[in-house]
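Going by this note's numbering, the residue at position 24 of the sequence shown is 24; the numbering climbs one at a time, nothing skipped. First the structure, in the form of structure tokens, and then the observations on it.
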Amino acid sequence: MIYKQIILEAKRLLNSGLTAKESAYELKFEDPAHFSKFFKNQTGITPSEFQKIQD
């Protein structure tokens with residue numbers, strides 16, 4: 001359940017124009033690579049791929 005909330009907020013941040021790195025820090029991830037791995041494990045795509053399909 002908490003992971004769902006994190007992913008929803010991550011998607012909102014990524015849609016707002018923040019980079020994956022900026023989004024990671026906003027979500028209190030200490031390592032942007034960990035955020036990317038977490039995002040991909042939860043959604044099946046990387047934050048960058050998510051941003052590309054939103055354009």
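The beta carbon of each residue, even a glycine, is placed where N, CA and C say it ideally should be.
| Check | Outcome |
| --- | --- |
| Given Q54 as reference, the closest of R12, K28 and Y25 once Cα atoms are compared | R12 |
| Extent of the continuous alpha helix (DSSP H) to which T19 belongs | Premise fails: T19 is in no alpha helix (DSSP H) and is neither H nor E. |
| DSSP-derived helix/strand/coil call for T43 | helix |
| Distance, L27 Cα to I7 Cα | 10 Å |
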